[in-house]
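The sequence shown: position 29 = 29 (our numbering), numbered continuously.
Glycine is no exception: its CB is placed at the ideal position from the N, C-alpha and C atoms.
Notes for the one structure printed next.
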Amino acid sequence: MGDGKAMQGTGRIPVVIDCDPGYDDAIALMLAAGCGQLEILAVTAVAGNGPVDSTYRNAARVLRFLGMDVPLGKGRAKPLLGYLVTSGAVHGKSAMDGVALPDPALPEVPPAAFDVLTKTLLDSPRKVLLVPTGPLTNVAVALLARPEIADKIERIIWMGGAIGKGNITPSAEFNAYVDPEAARVVFDSGLPVTMVGLDVTHKALIYPEQVEDLRGLGKAGELAAEILDRYSAAYKRRGFAGVPIHDAAAVAAAFEPGIIKTQRARVDVELSGEHTRGRTVVDLSVTTGREPNCDVAVDIDRERFVELLFSAIGNLGDSDEE
Ligand code: BDR
Ligand code: CA
């Protein structure tokens, strides 16, 4: 889409997307670019679904396809503490295995996600929505080192966590598990946080026949279908009837907040449990009496979600870098 810049503009909601593409992160970027309601100020890549070299490269490939010339930053190689756990079983070794997108020329020294994130926020005349769709490493680093950015953040809408589910362990959702310390920094930051967790993203399903319908929507539709073909495999093996587009649910909530139903609650992140590290402990029944720190997504309007996705991808049409 050669006119990606032209589609950006005032009147739209300013966002920064921090992501680890990742099949569903790529679809989330497509939704953000095609929805017509978001002004994507910058994108930062975080280590998660794959090593940061891969997620940075994949983000660059998707942005190029979308014709989006926005600052792209590369994050740390590791979570705040400990080793990186990746999601090769779902996204493949390269974090987006099998997706035929050309490689753009990448700068020899990529801009650091920290610099891109903090500069974008501090330079913005308006408050910005931060939409992380991976582990919260980059966001936590920025908040710890430049706490003044908090004044420029309208809200953090994070795809991650869960009320009572896990997908990488029985207790923990992947993004929370990869960097629980970072998640704790974010939940304790005092900023407005929306947690779009597995409880709702497992309902944000696209069924196989819809993947076929997407294929008819120009080059963007073909790319989305190709991505979803790959992405579906792991979910089929797990017995899902459709494929949950986790990260796109957080992006949808950024421009259509009514799409998710939320409940205010205290969320604490388990750091030390032998079997529960990375669990987001959600106090829905107010047992602790502690101040709520999060709007926890408890339901999603799936039909509307699918509608938004189709319309955005339809708008992108014959997106291509040429
Ligand atoms: C989350 O983990 C990643 O594999 C996906 O991209 C999504 O952000 C779902 O648990
Ligand atoms: Ca992700």
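Check the Cα spacing between E270 and each of V178, V109, A253, R146: the tightest is with V178. Straight-line spacing of the CA atoms in A60 and A105 works out to 9 Å. Every residue with a CB closer than 5 Å to a heavy atom of ligand 2 is listed here in chain order: D20, G22, D25, T133, G134, D247.
Annotation note: the segment 211-279 contains the following uninterrupted alpha helix (DSSP H) runs of length 4 or greater, listed N- to C-terminal: 218-237, 246-255. A straight-line Cα-Cα distance of about 19 Å links V196 and R277. Between G221 and I17, the alpha-carbon positions lie close to 21 Å from each other.
With respect to G161, E173 sits close: the two C-beta atoms are nearer than 8 Å. Annotation for V200: A249, I260, A297, V298, D299, I300 place their beta carbon closer than 8 Å to its own, counting only its chain and skipping 5 residues before and after. Partner residues in the beta bridge of P14, as assigned by DSSP, are E39.
Within the segment 54-103, the runs of alpha helix (DSSP H) that reach at least 4 residues and sit entirely inside it are, in chain order, 88-91. Beta-bridge partners assigned by DSSP to R155: L129.
Proximity of the beta carbon of M159 to ligand 1 is indicated: a heavy atom of the ligand is located closer than 7 Å. Look at T169 here: in three-state DSSP terms it is coil, with no helix or strand label.
Between the alpha carbons of D97 and H91 lies a distance of about 6 Å.
About 12 Å separates the Cβ atoms of A77 and P110, ruling out a contact at the 8 Å cut-off. Among the bridge pairs identified by DSSP, A297 is matched with T262. In the three-state DSSP reduction, A112 falls in the strand class (E or B). When rounded, the separation of the alpha-carbon atoms in H202 and L31 is 18 Å. When DSSP states are grouped into helix, strand and coil, A45 belongs to the strand group.
Set against 7 Å, the gap from the CB of V90 to the closest heavy atom of ligand 1 is smaller.
For K127, the CB contacts under 7 Å within the same chain, skipping 5 residues up- and downstream, are K152, I153, E154 in chain order.
Of the residues G242, L143, L309, A265, the one whose Cα lies closest to the Cα of V251 is L309. DSSP, read as helix, strand or coil, puts V186 in helix.
Secondary structure note for T201: it is in no beta strand (DSSP E), and the uninterrupted alpha helix (DSSP H) holding it is 198-201. Check the Cα spacing between T120 and each of I313, K219, V43, E291: the tightest is with V43. Proximity of the beta carbon of E173 to ligand 1 is indicated: a heavy atom of the ligand is located closer than 7 Å. Within the same chain, S94, A95 come within 6 Å of S54 by CB-CB distance, once the 5 residues on both sides are set aside. Nearest to A182 by C-alpha distance, out of A225, L81, A26, is L81. I206 sits in a strand when the DSSP states are folded into three classes. Counting other Cβ atoms within 10 Å of its Cβ, G67 reaches 16 or more and is therefore classed as buried.
Using a Cβ distance threshold of 8 Å, L122 and I149 count as a contacting pair.
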